[in-house]
Ligand code: NAD
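Numbering (the UniProt record's numbering), first residue to last: 1 to 260.
Below, the structure written as C-alpha cells:
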C-alpha cells in the first residue's frame, strides 16, 4: 500500500502497460486518473474500479488536454505521481523514405507528449513539495534492432529528456525516471498492423511466441512486469533514485549466451 493517500496520472491507461500500471497503483492505495483517447476502454476500467480510477479523455498530442488531466488529479488533493506512457508504433518508414509530417507526428506522440506531461505536472508537484514522474521509453532507445527509426529516436529522446528533467527538477524534490520495456504482449503490435477484434488474441499469441525466443528468460513480457517496476520508481522505495531507467526485457538487451 505504498500509494495510500496519493493521486496519480497515467496516460495511455486504457490498455496494456498503462492499464496494468493504473490497476497496480490503485491496488496499492492511489486514486488514479487515466488519460487516453480510447473512451470505451478508459470508461470500462473506471466503472469497475470502485471509484479508485477516473477516466478523462486526453489526446497527448494536445497540450491543453495534458494540462487539463494534470489539473484534474491535482484538484482532488494534489498530484503525487505521473506516468507518461501513452503511445503507439508511429511511422514504420526508414529515414530515406519518411515524410516530414510522419516524422513530426511520431515525435509529437512519443516525445513531445512526455515533455509536456512533465511541463504541466512539475509546477503542481513543486507547489506541494515534490513528486515522482516515470516515463515510458523502450529497449528501442538502447539498440537499433528493436523498432523503426522514428520510434527509436523518439524513445532515445525520452531517455535523455528524463535525465535533463531530473536535473532541472531535483531542487523541487521531483524525481524523474524512465522504464525501458522489452517485448511486452499488448495491443501495440496488432494496432500497428491493423488487426482488430477476434483475430487479436491469435495475433498476440503469435507475437508473444516470437518475443519469447528473443528474450533469454524465454517468455513474452506481461504488462504487469512493467507495472511492478513503474510502481517501484514512483514509490518512496525509490526515494533516492532519479535521472535513470530500469530495463525490463527478460534479458533481451544482454543477448543470448553462447555455449563456447
Ligand atoms: P497499447 O496499445 O496496449 O496501449 C497504448 C495506449 O495508449 C492505448 O490505450 C492507446 O489508446 C493510448 N494512446 C495512443 N495514442 C494516444 C494519444 N494520442 N493520446 C492518448 N492516448 C493514446 O500499447 P502498450 O504496449 O501498452 O504501450 C504503452 C507504451 O509502452 C507506449 O509508449 C509504447 O511505445 C511503450 N512500449 C511498449 C512495448 C511493448 O512491447 N508493448 C515495448 C516498449 C515500449
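All C-beta atoms, glycine included, are put in the ideal place defined by N, C-alpha and C.
Does the Cβ of residue 236 have 16 or more other Cβ atoms within 10 Å, making it buried, or fewer, making it exposed? As a position in the chain shown, residue 236 is number 236, starting the count at 1. So residue 236 counts as exposed.
Excluding sequence positions up to five away, which residues of its chain have a Cβ less than 8 Å from the Cβ of residue 215? In the chain shown, residue 215 corresponds to position 215, counting from 1. Contacts found: 182, 183, 221, 249, 250, 251, 252.
For residue 151, I'd like the list of residues in its chain whose CB is within less than 7 Å of its CB, leaving aside the five on either flank, ordered along the chain. Within the chain shown, the letter at position 151 stands for residue 151. The residues are 89, 90, 106, 110, 140.
Answer yes or no: do residue 246 and residue 177 have a C-beta to C-beta separation smaller than 9 Å? Position 246 of the chain shown holds residue 246. Position 177 of the chain shown holds residue 177. A contact, by the Cβ cut-off of 9 Å.
Confirm the yes/no value for this check: CB of residue 13, any heavy atom of ligand 1, distance under 8 Å. Walking along the chain shown from the start, residue 13 turns up at place 13. Yes, ligand 1 has a heavy atom inside 8 Å of this Cβ.
What are the start and end residues of the alpha helix (DSSP H) that includes residue 107? If you number the chain shown from 1, residue 107 lands on position 107. Taken as a continuous stretch (DSSP letters only), the alpha helix (DSSP H) holding residue 107 covers 100-107.
What are the complete alpha helix (DSSP H) segments, minimum 4 residues, inside the region 139-209? Note on the region 139-209: whole alpha helix (DSSP H) runs with a minimum of 4 residues are 149-169, 188-193, in chain order.
Give the range of the alpha helix (DSSP H) segment to which residue 63 is assigned. Taking the chain shown and counting its residues from 1, the one referred to as residue 63 is at position 63. Looking at the DSSP string, the run of the alpha helix (DSSP H) that includes residue 63 is 63-75.
Just to confirm my understanding: we take residue 47, look at its own chain, exclude 5 residues before and 5 after, and list those with CB closer than 6 Å. What are they? In the chain shown, counting from the first residue as 1, residue 47 sits at position 47. Taken in chain order, the list of residues that qualify is empty.
For a minimum of 3 consecutive residues, which ranges assigned as the beta strand (DSSP E) are wholly contained in the region 11-37? DSSP assignment within the region 11-37 yields the following whole beta strand (DSSP E) runs of 3 residues or more, N-terminal first: 31-36.
Does the Cβ-Cβ distance between residue 133 and residue 165 come in under 9 Å? The residue given as residue 133 occupies position 133 in the chain shown. The residue given as residue 165 occupies position 165 in the chain shown. Yes.
Mapping the DSSP letters down to three states, classify residue 134 as helix, strand or coil. In the chain shown, the residue the question calls residue 134 occupies position 134. Secondary structure at residue 134: strand, using DSSP grouped into helix, strand and coil.
Residue 55: beta carbon under 8 Å from a heavy atom of ligand 1? Counted from its first residue, the chain shown places residue 55 at position 55. Checking the Cβ of residue 55 against ligand 1 gives no.
Where do the ends of the alpha helix (DSSP H) carrying residue 114 lie? One-based indexing of the chain shown puts residue 114 at position 114. Element bounds for residue 114: 113-127.
Is residue 191 close to ligand 1? I mean its beta-carbon at under 8 Å from any heavy atom of the ligand. As a first step, residue 191 is located in the chain shown; it is residue number 191 there, counting from the start. Judged by the Cβ position, residue 191 qualifies as a neighbour of ligand 1 at the 8 Å threshold, a heavy atom of the ligand being closer than this.
Going along the chain, which residues of its own chain have a beta-carbon closer than 7 Å to the beta-carbon of residue 43, five neighbours each way excluded? Start at 1 with the first residue of the chain shown, and residue 43 comes out as number 43. Contacts found: 55.
Quick one: residues in its chain with C-beta nearer than 6 Å to the C-beta of residue 86, no 5 flanking neighbours on either side, listed in chain order? Translated into the one-based positions of the chain shown, residue 86 becomes position 86. Only 11, 12, 60 meet the Cβ criterion.
Residue 187 Cβ short of 8 Å to ligand 1 heavy atom set: The count along the chain shown starts at 1 and reaches residue 187 at position 187. Answer for residue 187: yes, Cβ within range of ligand 1.
Would you please state the rounded distance, in angstroms, between the beta carbons of residue 8 and residue 83? I believe it to be under 8 Å. Indexing the chain shown from 1 puts residue 8 at position 8. Indexing the chain shown from 1 puts residue 83 at position 83. Going by Cβ atoms, the distance from residue 8 to residue 83 rounds to 7 Å, so yes, they are a contact pair.
According to DSSP, simplified to helix, strand and coil, what is residue 82? For the purposes of this step, residue 82 is identified with residue 82 of the chain shown, where counting begins at 1. Correct three-state label for residue 82: strand.
Helix, strand or coil: which one does DSSP assign to residue 214? The residue you call residue 214 lines up with position 214 of the chain shown. Here residue 214 sits in helix by DSSP.
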